[in-house]
Each structure stands twice: as C-alpha cells, then as structure tokens.
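Those protein sequence lines, which keep their order, are chains L and X.
Per the numbering used here, numbering of the first sequence is gapless, rising by one per residue and ending at 214.
Per the numbering used here, numbering of the second sequence is gapless, rising by one per residue and ending at 288.
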Amino acid sequence: MDVLTQNFSLYGRGLLGTVELTVYASLLALALGVLMAAFRVAPVASLRAFGTAWVTVLRNTPLTLLFFAVMLGLPRFGLILPFTAFAVLALGCYTSAFICEVVRSGINTVPVGQGEAARSLGMTFEQTLGAVVLPQAFRAVIPPVGSTLIALAKNSAIAGSFSVTELLGTYKPLNEMGYSIVWSFVWIAVGYLLVTLTISAIFTVLEKRWGVPR
Amino acid sequence: MTATTVLYDVPGPRTVRRHRLYGLIATLVLLAVLAWVIYLLVDTDQFAYRKWMPFEYKGIQTLLLRGLANTLKAFGLAAVFSLALGGVLAAGRLSDHRPVRWLATLVVEFFRAMPVLVMIFFVFVALKVQPLPALVTGLTLYNGSVLAEVFRAGVASVDRGQREAAYSLGLRKTQVMTYVLVPQGVRAMLPAIISQLVVALKDTSLGFLITYEEFLHAGKLIASNLDYDLPFIPVVMVISPVYIGMCMLLSWCANWAAKRQRRSVKTEKVRVAPPGPAAPMPGDTRGS
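Given below as structure tokens:
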C-alpha cells in the first residue's frame, strides 16, 4: 500500500501518460482507419490496392518492430519529434489497419438492398452514404471498435520501453528506490484495469445509446 | 470488383471513364510518394555499400540466423504451452463444479485484460528468471487465456442436438466432450486458433525489450555498430520482410482453414477417377 501512497505523483504521471497515448493514438487510428476503409471500398483500383497493402503489411508487422523502425528510423531522415509523438504515430498506424477492417466489415453488414433502395429513390452518392449506409454501419461497428481500442491501450505499454512516460515504465524508478516489486506491479495492473474498464464502459454506453440488435 | 456493393451501382460508360481518370490521378500520387521515399533513402545514403557490407559477413549472417532460430524457438514453446493452458482453462470454464468454473473465469478475465508486456516484465523483474522463460510465460498466460475463450466458443457453437444425442446414447460428460463436442468445436474454431498463433508469433518480438536474443535483438546489435556507419535502415529493410513474411504465411494458413470450412461436405462434388484402360487382370494376355 505504501508504494502507491508514497509515489502517487509518479503513478499519476504514468497513468496520465498512458491515457494521453491512448487518446491521441485512438484519434489517429480512427481517422486513418476510416480513410483506409474508404480506399478499400472505392471504385478506383489503385486506391483499393493501396488500402489492401496497408492493411496486410501493418496487420502482419510486430508492433515492437514498428516502434523500433519509427522511433529509431525516422530520425535518420531528419525528422525530429518528441518520443510521445513517435509513439502515437506507431500505435496509431498499427491500430488503423485493424480499425479499417472493422469499418469495412461494418459497411458490408449493411444489406445491399438498402443501397439499392436509396438509389432507386434518386438519392445521390453522398446522400446514400450519409443518410443510409453509414448510420447503419456505425451501429454495427461500435463493439468491435471498442475492443480494438482496448487492445490499443494495452499495446501502449510497449512505448514505455522506448523512453516514453507511461504506466508500465514506472516500475523502474520504484525498483531503484527499493520498493517491493510485486506491489509496484500490482498497482500498475490496477492502473491498466482502470484504463481498459473505462474504455469498455464508454463503449457499453455508446452501444446502449446507438446500437441496435440485428 | 464485385458486381454490386451497397455503395455503388454497376457503373455506366461515363462513370467508368471518370473512375479511370481518378485511378490515373491516384496512381500518379502514390507513385510520387514512392519516388519521394526512394529519394529520401538515396539522399540520406542508405544504399551506400558501407551500410550493406555487414550482411556479407559470415558472423553477421550467423548472428541473424541464430536470432531467427531463437524467435522460432520462443514461438514454438509459447504456442505449445498456450494451447495446453487454453485447453485446461476451457475445461475449467466448462466444468460442472462451481468453484472451478469461477477460478477459471477469474484467471481468464484477468490475463485477458492485462497487457502481455506487464506479465512478461513481472516475470522477468520480480521473479528474476532468464529472458526466454519470462517471454514464454508471459505469452503463454495471455494467449492461453484468449485461446480458452476460443475453445469455449467452439464447443458452444456445436449444434445442441449433438450433445443431446450423445447424452441419450448414455455417454458420460467426459466422453461427450472428448468424442463429440471438442473435435467438432476445434474444427469450427481452427481459423481463430491459427489467428491467435499469429498474435503469439508477433508478440515474440517483445522479447527484444527484455534483452532476449531474438531476431530484432540481433538486428539492433548490427544497427548500432559504428564500424558499418550505423546501418539502421538497411537492417530494418532486411528484418521486416522476414517478420512480415512469417506472419503472412501463418495468416494465410488461417484463411485457408476458414475457406476449407465454408466448403460443405454435403454439396462438395465427388471426384470420380476418369475412365481409362482397366488394369490387366492376372492371366489377361491381350495387352502389352
């Protein structure tokens, strides 16, 4: 117990770092993922090929390798950013491949007849997309996006080993100060549970509000 | 492209022309980006001989191969142990005894909610074990818990009639499980199981963070060598295709299993041997 009370600010900073990473990387992943999903369903072959390549490569890359390449590789091209920005970039790009697949399968759950009906009513492409397809796809997509973002929060632990301030990294100073290792890890575990349970609660609320049983 | 999607009709001649124009523009933009990346690589001298020279040395090649072997070793151990742990935990969750069920549920839920790296670090730092056992333990706990849920879902997905028929034939619960439900459940879940093994393979690279001498670690050693002018980008260009290739091979297996499963036994066409000259009967003197 002392470990937590005596190092509250250290843990707080770690937790804040994890939350910060998770939020920024989620935003990047959602934006990139939706863009890539749009590419993958576009009627333009080269965009489809690019989207497919993006998803295939990133889904089969170990996240550690991606962190390694981004954190230590991009500076070779003269791109100097704070470590946190690099971590957000790596996490966001990695997760965007999974978000893309979720969004794409969400669009595919909308029955073809819905689009056909909308077009036969004379709706334009924008109207079909905005008023018919996306609202239905959005509802189907809520639970899988939630579990993808929980996975992102858990994956953010890797950033700690690449000199980013986050929760898992707090074990090191605590260890050096001679606190009980087991207890410091117990509080780290509690911190992660806090983050993942919060995300899952947010998505439960979203699903209650927007989701529809099919 | 598929005939109709929910988003578009089959395009007419004018739309086809417009799409072709978009395609041309998109291709040009993508090519421009590619050219810019290559320009950056050349501009920062990444293709210089001095940076690629180390890959010609025997010692470096053995270093990389040993790293790859270590990665595969960790993956093999983690895969075997997590399949075993998954089986045990799934059996626990399907148990008739309430305490066993609760315990298994608690274990599964806890390890699924924890980042796998926290477990690896905990085993490595707190229990002070060697990097390989720490990595394998962490991966086993996480992937075993996920696989337990997969197995359970597989058993639950088997048609209810199968279980009822087996019980009404007088089989015991263990027999119902081992002879009827588990074989069918595992077959249904094979793609999910292989996909989880891809996750385990990708996560072996976490061993890099606890100084396990795996593939990425070997790459890091080469990349931080001043004699070769810090060949960081060449190392990434060598290592990532190998990793991505291994994972894609395994993902492809998962897809193959999924495709095989969609094929129904009932509607599959039966291959009949083409008619041909019959094998000569013993004593047949017409042929040869």
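For glycine and all other residues, C-beta sits at the position ideal for the given N, C-alpha and C.
Checklist entry - Taking a cut of 8 Å between CB atoms, which residues from the region 130–156 of chain X lie near chain L? => result none
Checklist entry - Between L/Ala37 and the rest of its own chain, which residues show a CB-CB distance below 6 Å, the 5 nearest in sequence each way excluded? => result Cys100, Val103 and Arg104
Next on the checklist: Assuming the contact rule is C-beta atoms closer than 8 Å, X/Val108 and X/Ser145 should be a hit. Round their C-beta distance to whole Å, please.
Outcome noted: 5 Å
Checklist entry - Given a threshold of 16 other Cβ atoms within 10 Å of its Cβ, counted over all protein chains shown, does X/Trp36 qualify as buried or as exposed? => result exposed
Checklist entry - If you follow the alpha helix (DSSP H) that L/Met36 is part of, which residue opens it and which one closes it? => result Phe8 to Arg40
Item to check | Exposed unless 16 or more other CB atoms sit within 10 angstroms - verdict on L/Ala25 | outcome: buried
Checklist entry - Can you list the residues of chain L that X/Phe232 reaches, using a CB-CB cut of under 7 Å? => result Leu72, Gly73 and Arg76
Item to check | Alpha carbon of L/Thr5 to alpha carbon of X/Lys51, nearest angstrom | outcome: 51 Å
Item to check | the region 19–29 of chain X touching the region 38–49 of chain L, judged by at least three CB pairs closer than 8 Å | outcome: yes
Item to check | Three-state secondary structure (DSSP) of X/His19 | outcome: helix
Checklist entry - Is there a Cβ from chain L that is less than 7 Å from the Cβ of X/Pro317? => result Beyond the ends of chain X as shown, which are 1 and 288, falls residue 317 of chain X; an answer cannot be given.
Checklist entry - At which residues does the alpha helix (DSSP H) containing X/Tyr167 begin and terminate? => result Arg160 to Ser168
Item to check | For X/Lys58, three-class secondary structure by DSSP | outcome: helix
Next on the checklist: My assumption, with CB atoms under 8 Å, is that L/Val41 sits in contact with L/Trp187. Please give the rounded CB distance.
Outcome noted: 45 Å between Cβ atoms; not a contact.
Checklist entry - Looking at L/Gly17 and L/Thr196, is the spacing between their C-beta atoms short of 7 Å? => result no
Checklist entry - How about X/Cys247: is its C-beta nearer than 7 Å to some C-beta of chain L? => result yes
Checklist entry - Looking at the C-beta of L/Pro43, does it have a partner C-beta in chain X at a distance below 7 Å? => result yes
Checklist entry - Under the three-state reduction of DSSP, which class applies to L/Ile142: helix, strand or coil? => result helix
Checklist entry - Are X/Phe297 and X/Thr71 close, meaning C-beta to C-beta below 7 Å? => result Nothing can be reported for residue 297 of chain X, as the shown portion of chain X is limited to 1 through 288.
Item to check | 7 Å Cβ cutoff met for L/Leu66 and L/Tyr94 | outcome: yes
Item to check | C-alpha distance - X/Val123 paired with X/Val136, whole-angstrom precision | outcome: 10 Å
Checklist entry - Can a CB atom of chain L be found closer than 7 Å to the CB of X/Thr71? => result no
Next on the checklist: Using beta carbons (cut-off 7 Å, strictly below), is X/Gly23 in contact with chain L?
Outcome noted: yes
Checklist entry - Does any C-beta atom of chain L lie closer than 7 Å to the C-beta of X/Ile38? => result no
Next on the checklist: Against chain L, does X/Leu206 count as a neighbour if the rule is that its beta carbon must be under 7 Å from one of theirs?
Outcome noted: yes
Item to check | Contact residues within the region 113–147 of chain L, judged by C-beta distance below 8 Å to chain X | outcome: Gln114, Gly115, Glu116, Arg119, Phe125, Thr128, Leu129 and Val133
Item to check | Host alpha helix (DSSP H) of X/His97 (start-end) | outcome: Element bounds for X/His97: n/a, residue is neither H nor E.
Item to check | Local Cβ density within 10 Å of X/Ala3, reported as buried at 16 or more and exposed below that | outcome: Any reading at X/Ala3 must be qualified, since the residue scores a pLDDT of 46, below 50, and its modelled position is unreliable; no value is offered.
Item to check | Counted within 10 angstroms of its Cβ, other Cβ atoms place X/His217 as buried (16 or more) or exposed | outcome: buried
Next on the checklist: Classify X/Ile222: buried if its beta carbon has 16 or more other beta carbons within 10 angstroms, exposed otherwise.
Outcome noted: buried
Checklist entry - Nearest chain X C-beta to L/Pro62 closer than 7 Å, yes or no? => result yes
Checklist entry - In chain L, which residues lie less than 9 Å from X/Pro11 when you measure between Cβ atoms? => result Pro43
Checklist entry - Smallest Cα separation from X/Lys128: which of X/Met189, X/Ile210 and X/Pro234? => result X/Ile210
Item to check | Three-state secondary structure (DSSP) of L/Ser147 | outcome: helix
Item to check | Opening and closing residue of the alpha helix (DSSP H) in which X/Tyr8 lies | outcome: No alpha helix (DSSP H) contains X/Tyr8, which DSSP labels as neither H nor E.
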